[in-house]
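Visitor:
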Amino acid sequence: MSNIRITKQFSFETGHALYGYDGKCKNVHGHSYRLDVTVIGKPISDTSNVKYGMVIDFGDLKKIVKEEIVSVFDHATVFNKNTPHVELAKELQTRGHNILLVDYQPTSEMMVIDFAKKIKARLPENIKLHSLKLQETATSFAEWFANDQD
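And the structure:
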């Protein structure tokens, strides 16, 4: 049977700041992100399986992405913990803000790499992550493709 790709779209609101950047994004600001998650696999051929004909139930994919990405990043502010922004992050946390400290510069490029690792770890063995597209504005996005990985 053929491999089939299926895609589920997600959206979430996240703030961030890019420490050391020479443009406006050095300031704390936010985006309405859209994440497209595409997986690839063979549709289930066992007619007695309740998921017959599906690569993966969209609901199962939704659960994984919601738990690993959307619920974590939605309405959070992300800072690189290896920069002086950590002081601002700690201050905001003491005031009740939802802060995420990550090991990377929180650009769309680095976030999509992080997201790929988290999603891949949760997929069933027979399903592979094919690609991710993380859109931060109407005209700007980063993409991750399994084929491009070393």
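If you count the sequence shown from 1, you need to add 580 to reach the numbering used here.
Ideal placement from N, C-alpha and C gives every residue a C-beta, glycine not left out.
Got a sec? Which residues, its chain only, sit under 7 Å from residue 625 by beta carbon, not counting five neighbours each side?
Guide: Excluding sequence neighbours, residue 625 sits near 581.
Visitor: Identify, in the order they occur along the chain, each residue of the same chain with its Cβ nearer than 8 Å to the Cβ of residue 645, setting aside the five sequence neighbours on each side.
Guide: Excluding sequence neighbours, residue 645 sits near 588, 590, 615, 617 and 699.
Visitor: Which partner residues does residue 726 have in the DSSP bridge list?
Guide: The partner list for residue 726 (beta bridge, DSSP) is empty, contrary to what the question assumes.
Visitor: Can residue 635 and residue 584 be called in contact, C-beta distance under 8 Å?
Guide: The answer is yes: Cβ separation under 8 Å.
Visitor: May I ask which residues mark the beginning and end of the alpha helix (DSSP H) holding residue 688?
Guide: Taken as a continuous stretch (DSSP letters only), the alpha helix (DSSP H) holding residue 688 covers 688 to 700.
Visitor: Can you tell me whether residue 727 is buried or exposed? The criterion is at least 16 other CB atoms within 10 Å of its CB, across all chains shown.
Guide: With fewer than 16 other Cβ atoms within 10 Å, it is exposed.
Visitor: Kindly indicate which three-state DSSP category residue 677 falls into: helix, strand or coil?
Guide: In the structure shown, residue 677 sits in coil (DSSP, three-state: anything other than H, G, I, E or B).
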